[in-house]
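Undergrad: Residue numbers (the working numbering): 30 to 164. Sending over a structure as structure tokens; questions will come in a sec.
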């Protein structure tokens, strides 16, 4: 009887040890995934929610800059107009000033319509260009 008791006790001890190893391994895996998620840019969209007018204007400048034939471009930090429509569609009106062009041609007004499709807000690839008009 004592032998049976000792065998059962040893079996239970091994089962408990294996269970603890599995729990520790799961905790390590969970910690690794949690750390990778915290250090990635994907948490930005979760914490900040939907993009605002400032975010849309920053991305709009990335779309407009290649369309202007100048290397030295200035965008105003204020004075732009931004309207948000349903489904994360933004219409931005502003201007770009090219410092290396003559005075009458150095200001280029523009109106751009962008749609946020999800992901990191600051990433240009997460925005769809709907239209761009330069006057």
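Built from N, CA and C at the ideal position, the CB exists for glycine as well.
(1) Can we say the segment 78-98 touches the segment 144-160, given the rule of at least three CB pairs closer than 8 Å?
(2) Between which two residues does the alpha helix (DSSP H) holding residue 34 run?
(3) Would you mind sorting residue 160 into buried or exposed? The rule is 16 or more other CB atoms within 10 Å of its CB.
(4) Taking the alpha-carbon positions, what's the residue 55 to residue 105 distance?
(5) Taking the beta strand (DSSP E) that residue 112 falls in, what are its first and last residues?
(6) Helix, strand or coil for residue 82 per DSSP?
(7) Measure how close the beta-carbons of residue 128 and residue 103 come, nearest whole angstrom, since I'm counting them as under 8 Å.
(8) Would you check if the distance between the CB atom of residue 107 and the CB atom of residue 80 is smaller than 8 Å?
(9) From residue 53 to residue 41, what does the alpha carbon distance come to, in whole angstroms?
(10) Would you kindly check if the distance between the Cβ of residue 85 and the Cβ of residue 166 is under 8 Å?
(11) Taking C-beta to C-beta, are residue 96 and residue 144 nearer than 8 Å?
(12) Along the chain, where does the beta strand (DSSP E) that runs through residue 142 open and close?
TA: For this structure:
(1) Three or more beta-carbon pairs drawn from the segment 78-98 and the segment 144-160 are found closer than 8 Å, and the two stretches are therefore classed as touching.
(2) Here residue 34 is taken as the residue at index 5 of the chain shown, counted from 1. First-last of the alpha helix (DSSP H) with residue 34: 31-68.
(3) Indexing the chain shown from 1 puts residue 160 at position 131. So residue 160 ends up on the exposed side.
(4) As a position in the chain shown, residue 55 is number 26, starting the count at 1. As a position in the chain shown, residue 105 is number 76, starting the count at 1. Each residue's alpha carbon lies about 51 Å from the other.
(5) On the chain shown, residue 112 is found 83 positions in, with the first residue counted as 1. Run containing residue 112: 110-114, per the beta strand (DSSP E) assignment.
(6) Translated into positions along the chain shown, residue 82 becomes position 53. In this structure, residue 82 counts as helix in the three-state DSSP scheme.
(7) Within the chain shown, numbered from 1, the residue matching residue 128 stands at position 99. Within the chain shown, numbered from 1, the residue matching residue 103 stands at position 74. Indeed, because the Cβ distance is near 6 Å, the residues count as touching under 8 Å.
(8) Here residue 107 refers to the residue found at position 78 when the chain shown is read from its first residue. Here residue 80 refers to the residue found at position 51 when the chain shown is read from its first residue. Not in contact: residue 107 and residue 80 (Cβ atoms no closer than 8 Å).
(9) For the purposes of this step, residue 53 is identified with residue 24 of the chain shown, where counting begins at 1. For the purposes of this step, residue 41 is identified with residue 12 of the chain shown, where counting begins at 1. Computed Cα separation, rounded: 18 Å.
(10) Since the displayed the chain opens at 30 and closes at 164, residue 166 lies outside it and no answer follows.
(11) Taking the first residue of the chain shown as 1, we reach residue 96 at position 67. Taking the first residue of the chain shown as 1, we reach residue 144 at position 115. No, the pair does not count as a contact, with Cβ atoms beyond the cut-off.
(12) The residue given as residue 142 occupies position 113 in the chain shown. Counting along the chain, the beta strand (DSSP E) containing residue 142 begins and ends at 136-145.
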